[in-house]
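S.K.: Going by the working numbering, the residue at position 163 of the sequence shown is 163; the numbering climbs one at a time, nothing skipped.
Provided herewith is a single structure, encoded as structure tokens, for subsequent inquiry.
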Amino acid sequence: MRIIFIGPPGVGKGTQSQKLVDYLHIPHISTGDMLREAIRNQTQIGIIAAKHMENGQLAPDPVVVQLVGERLDLEDCRNGCLLDGFPRTLGQAKSLDEFLHTHGKDLDLVLNLEVNQEELFKRLLSRSQIEGRDDDTPKTIRNRMDIYRNQTEPLLDYYDEMEVLRRVDGLGTPEEVFSRIKSIIDELEPAHSRS
Ligand code: AMP
1 MRIIFIGPPG VGKGTQSQKL VDYLHIPHIS TGDMLREAIR NQTQIGIIAA KHMENGQLAP
61 DPVVVQLVGE RLDLEDCRNG CLLDGFPRTL GQAKSLDEFL HTHGKDLDLV LNLEVNQEEL
121 FKRLLSRSQI EGRDDDTPKT IRNRMDIYRN QTEPLLDYYD EMEVLRRVDG LGTPEEVFSR
181 IKSIIDELEP AHSRS
């Protein structure tokens, strides 16, 4: 199965993604993790991305699209993958469509995880204290939320029109949220090969 996970920062995408890839045995492709690794290794992509990520801005589309394209070309993605944090702009979504089309692959599902704004802010602040992520300060959190509303949320209409979008309530324990996701997957599974 080829799945995209969309949700605002702090919604619990990371936790749910991990559960989902364990359940489906597919690779977890997190552009946030890939970019942080590129920054640690001071690659050319990392140097460009760092400038944008420091203040909560998005890395440029061509940079992220190249990174994901190279990853999707690897053998372990042949039968599916979970894209977490990508696409984040309409431009990225269109590039992904093109990539999948050229490679004769389909997109099976787009999951949208949502919780209310107040709960999100609370979760992000607590993550910043626990993980000490540089991009989790109150100012960058607000920035990232605005970017999500302006640049990523329009993707929901885009995927809704493609009839692949399913919305999931992100409130509750991680187990409660995952059981909602699992029922969507199990409902689709007869029509899609999990291998
Ligand atoms: P995340 O770990 O998904 O919250 O991503 C952390 C940061 O990495 C984001 O705030 C962006 O600066 C950058 N980033 C991750 N994914 C993308 C993407 N698809 N497009 C542009 N920037 C991204």
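From the three backbone atoms N, C-alpha and C, an ideal C-beta is built for every residue, glycine too.
Computed from a predicted structure; not experimentally measured.
Output yes or no for whether 7 angstroms exceeds the beta carbon distance between residue 15 and residue 174.
M.R.: On the sequence shown, position 15 is the one that residue 15 refers to. On the sequence shown, position 174 is the one that residue 174 refers to. Taking 7 angstroms as the Cβ cut-off, residue 15 and residue 174 qualify as a contacting pair.
S.K.: With a threshold of 6 angstroms (Cβ to nearest heavy atom), would residue 145 be considered close to the ligand AMP?
M.R.: If you number the sequence shown from 1, residue 145 lands on position 145. In this structure, the C-beta of residue 145 stays at least 6 angstroms away from each heavy atom of the ligand AMP.
S.K.: How about the stretch 101-111 and the stretch 43-53: do they share at least three Cβ pairs that are nearer than 8 angstroms?
M.R.: no
S.K.: Can you tell me whether residue 114 is helix, strand or coil according to DSSP?
M.R.: The residue you call residue 114 lines up with position 114 of the sequence shown. Strand at residue 114.
S.K.: Any idea if residue 8 is buried or exposed, counting beta-carbon neighbours within 10 angstroms, 16 or more meaning buried?
M.R.: In the sequence shown, counting from the first residue as 1, residue 8 sits at position 8. Classification for residue 8: buried.
S.K.: Is there at least one non-hydrogen atom of the ligand AMP closer than 6 angstroms to the beta-carbon of residue 64?
M.R.: Position 64 of the sequence shown, counted from the start, is the residue given in the question as residue 64. The answer is yes for residue 64.
S.K.: Would you list the one or two residues that DSSP bridges to residue 258?
M.R.: Since the first residue of the chain shown is 1 and the last is 195, residue 258 is not available in this structure.
S.K.: Check whether the Cβ of residue 9 lies closer than 6 angstroms to any heavy atom of the ligand AMP, and answer yes or no.
M.R.: If you number the sequence shown from 1, residue 9 lands on position 9. True, at least one ligand heavy atom lies under 6 angstroms from that Cβ.
S.K.: Taking only the alpha-carbon atoms, compute the straight-line gap between residue 192 and residue 68 and give it to the nearest angstrom.
M.R.: Here residue 192 refers to the residue found at position 192 of the sequence shown. Here residue 68 refers to the residue found at position 68 of the sequence shown. Confidence in residue 192 is poor, its pLDDT being 47 and thus under 50, which makes the residue's placement unreliable; the coordinate value appears in the next sentence. Put simply, the backbone Cα of residue 192 is about 23 angstroms away from that of residue 68.
S.K.: Going by the beta-carbon positions, is the gap between residue 171 and residue 115 smaller than 7 angstroms?
M.R.: For the purposes of this step, residue 171 is taken as residue 171 along the sequence shown, with counting starting at 1. For the purposes of this step, residue 115 is taken as residue 115 along the sequence shown, with counting starting at 1. For residue 171 and residue 115, yes; Cβs fall inside 7 angstroms.
S.K.: In whole angstroms, what separates the C-alpha of residue 85 from that of residue 13?
M.R.: Here residue 85 corresponds to residue number 85 of the sequence shown, with the count starting at 1. Here residue 13 corresponds to residue number 13 of the sequence shown, with the count starting at 1. Rounded to whole angstroms, the gap between the alpha carbons of residue 85 and residue 13 is 8 angstroms.
S.K.: Could you tell me the distance, in whole angstroms, from the CA atom of residue 161 to the CA atom of residue 26?
M.R.: Here the question's residue 161 lines up with position 161 in the sequence shown. Here the question's residue 26 lines up with position 26 in the sequence shown. For residue 161 and residue 26, the distance between alpha carbons rounds to 26 angstroms.
S.K.: In terms of residues, what are the limits of the beta strand (DSSP E) holding residue 4?
M.R.: Numbered from its first residue, the sequence shown carries residue 4 at position 4. That run of the beta strand (DSSP E) goes 2-6.
S.K.: Are the Cβ atoms of residue 113 and residue 168 separated by less than 7 angstroms?
M.R.: By 1-based counting over the sequence shown, the position of residue 113 is 113. By 1-based counting over the sequence shown, the position of residue 168 is 168. Result yes, Cβ atoms of residue 113 and residue 168 sit closer than 7 angstroms.
S.K.: Report buried or exposed for residue 179, applying the criterion of at least 16 other Cβ atoms within 10 angstroms of its Cβ.
M.R.: On the sequence shown, position 179 is the one that residue 179 refers to. Exposed, by the Cβ-count rule.
S.K.: Report the residue from 131, 106, 111 and 138 whose alpha carbon sits nearest the alpha carbon of residue 207.
M.R.: For residue 207 there is no data in the structure shown, the boundaries of the chain being 1 and 195.
S.K.: Can you have a look at residue 231 and say buried or exposed, based on whether 16 or more other CB atoms are within 10 angstroms of its CB?
M.R.: Shown here, the chain extends from 1 to 195; a query on residue 231 therefore has no answer.
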